[in-house]
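Asker: Numbering (mature numbering (1 follows the signal peptide of the UniProt record, and there is no 0)) for the sequence shown: -19 to -1, 1 to 153.
Ideal Cβ placement from N, Cα and C applies to all residues, glycine included.
These figures come from a predicted structure and were not determined experimentally.
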Amino acid sequence: MVHLVTTLLILLFISSAYAQAPPPQPPLAGPAQEYLDAHNQARAQVGVGPLKWSPNLENATARLAMYQRIKFNCQFADLNKSKIKYGANQLWAQGSSVGPKTAVDAWVAEKKYYNHEKNSCEENRQCGVYTQVVWRKSVELGCSQTSCVKNGTSLIVCFYNPPGNVIGESPY
């Protein structure tokens, strides 16, 4: 009888432990996972922790990308005028559609212009899209892409929360 009670208590403990575990996160859709993986690979190279995918940021980028498609034929968004409260990167492409990894790789390519010791870009070069990708304090990411068939262009927008590229601060 004692053995039966012990077995029942163990089974009860195990079943209650499983009942309290949170459900696993659903897998991300293909492009979302590609954006996230490409960003996190670049961050890992400089010792920065991974970003997490944010459906809220994804929705915000989707709205902005759609607005740019409808109103401005896939031109860059004027993020200062839009008063976006997130960090942001954009990529405009003409011709064939650009995939998530290719877009992030283009931003990360600016790494060669960034001097970490001086926390600055080479003279006459830009590296702000790279530093946003690897900004240590940014922890959430959301991205979207839209295409404009009429002129054969596409626009990719990624938002980062909290925003990076704070003047006087190093990204990592």
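Grab me the residues of CYS139's own chain with a C-beta within less than 6 angstroms of its C-beta, minus the 5 sequence neighbours each way, in chain order.
Answerer: Answer for CYS139: ASN70, CYS124, listed in chain order.
Asker: The beta strand (DSSP E) that contains PHE140, what's its start and end?
Answerer: It spans 134 to 142 - the beta strand (DSSP E) in which PHE140 sits, taken as one unbroken run.
Asker: Are PRO144 and GLY68 close, meaning C-beta to C-beta below 7 angstroms?
Answerer: Their beta carbons are under 7 angstroms apart, which means PRO144 touches GLY68 by this criterion.
Asker: Verify whether the separation of the beta carbon atoms of THR134 and GLN75 is less than 7 angstroms.
Answerer: A contact, by the Cβ cut-off of 7 angstroms.
Asker: Could you say which of LEU136, TYR141, LEU122, VAL130 lies nearest to GLN14 if we only look at CA atoms?
Answerer: Answer by Cα proximity: LEU122.
Asker: DSSP three-state call for LEU32: helix, strand or coil?
Answerer: LEU32 falls in the coil class under three-state DSSP.
Asker: Note down the Cα distance separating ALA43 from GLN126, rounded to an integer number of angstroms.
Answerer: Rounded to whole angstroms, ALA43 to GLN126 spans 7 angstroms at the Cα level.
Asker: Applying the criterion that 16 or more other CB atoms from any shown protein chain within 10 Å of the CB defines a buried residue, is ALA90 buried or exposed?
Answerer: The residue is exposed, with fewer than 16 neighbouring Cβ atoms inside 10 Å.
Asker: Assign ASN96 to one of two classes, buried (16 or more other C-beta atoms within 10 Å of its C-beta) or exposed (fewer than that).
Answerer: Looking at its Cβ environment, which holds fewer than 16 other Cβ atoms inside 10 Å, ASN96 is exposed.
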